[in-house]
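Under the numbering used here, read the sequence shown as residues 8 to 168, first letter to last. Notes follow the structure.
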Amino acid sequence: MEFNFEEFLQANNITNACDWNGATVKKLEIYREARIWRFYIGINQITPGRVIKETETQLAICNRFLDKVEILPVPPAITAYITAILKTREDDLSALLFKNEKLGGLKAGLSWSVNDSRLDLRTLELDSYNLVLDHEICTQLSAWLWKEYRMRVVVRVRCDV
Numbered sequence: 008m009e010f011n012f013e014e015f016l017q018a019n020n021i022t023n024a025c026d027w028n029g030a031t032v033k034k035l036e037i038y039r040e041a042r043i044w045r046f047y048i049g050i051n052q053i054t055p056g057r058v059i060k061e062t063e064t065q066l067a068i069c070n071r072f073l074d075k076v077e078i079l080p081v082p083p084a085i086t087a088y089i090t091a092i093l094k095t096r097e098d099d100l101s102a103l104l105f106k107n108e109k110l111g112g113l114k115a116g117l118s119w120s121v122n123d124s125r126l127d128l129r130t131l132e133l134d135s136y137n138l139v140l141d142h143e144i145c146t147q148l149s150a151w152l153w154k155e156y157r158m159r160v161v162v163r164v165r166c167d168v
């Protein structure tokens, strides 16, 4: 039961419907008791969290019988999608994750690999591994991906010694 999400939004007078060009509803979960609609949206381009949040808010306002609307993006190739996000936002991530003086040189010693919705930070040094754990870099990165792109990504650190 796929349908065009942009057309659905236009029919509900959602002002940012054009941000969802080419998006389709892959799945819709309805929770009657909790009054929640959860959309799984097939997307072809990186969709910022602010667009998702704005759309959720507008849908909830025009459907007052709902307590909450959730939109979860479903990219066609999740590995490529996450990789593209990491490459385009590398500077922002560096500023967020490596702002502490102790972590300044850590970035150079880390590499990463993505496999579906799992992101591995890799290092060859036990000290770097411990710094990542001590400063909760994995938790911060996972939270950032959720906040900025509504992507549920498991982030872990590996020491390949």
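Ideal Cβ positions, reconstructed from N, Cα and C, are used throughout, including at glycine.
Here's the rule: buried if 16 or more other CB atoms are within 10 angstroms of the residue's CB, otherwise exposed. What is residue i?
i: S135; result: buried
i: Y156; result: buried
i: P80; result: buried
i: I144; result: buried
i: A24; result: buried
i: P83; result: exposed
i: F12; result: buried
Please state if the CB of residue j and the CB of residue i are separated by a distance shorter than 8 Å.
i: L4; j: V164; result: Coverage of the chain is limited to positions 8 through 168, which leaves residue 4 absent and any answer about it impossible.
i: L152; j: V160; result: yes
i: L16; j: T62; result: yes
i: L133; j: V168; result: yes
i: L148; j: L117; result: no
i: D74; j: R42; result: yes
i: C69; j: N28; result: no
Might you give, ordered along the chain, the residues of its own chain that have their beta carbon closer than 7 Å to the beta carbon of residue i, omitting 5 neighbours on each side?
i: I37; result: W44
i: K34; result: Y47
i: F10; result: T31 and V32
Throw me the rounded Cβ distance for the residue i and residue j pair, which I believe falls under 8 Å.
i: D123; j: T86; result: 6 Å
Go through its chain and collect everything with a Cβ distance to residue i's Cβ below 6 Å, but skip five positions before and after it.
i: I59; result: I78 and R157
State whether the segment 43-62 contacts the segment 84-97, with contact taken as three or more CB pairs (one from each stretch) at a distance under 8 Å. Output reads yes: the segment 84-97 touches the segment 43-62.
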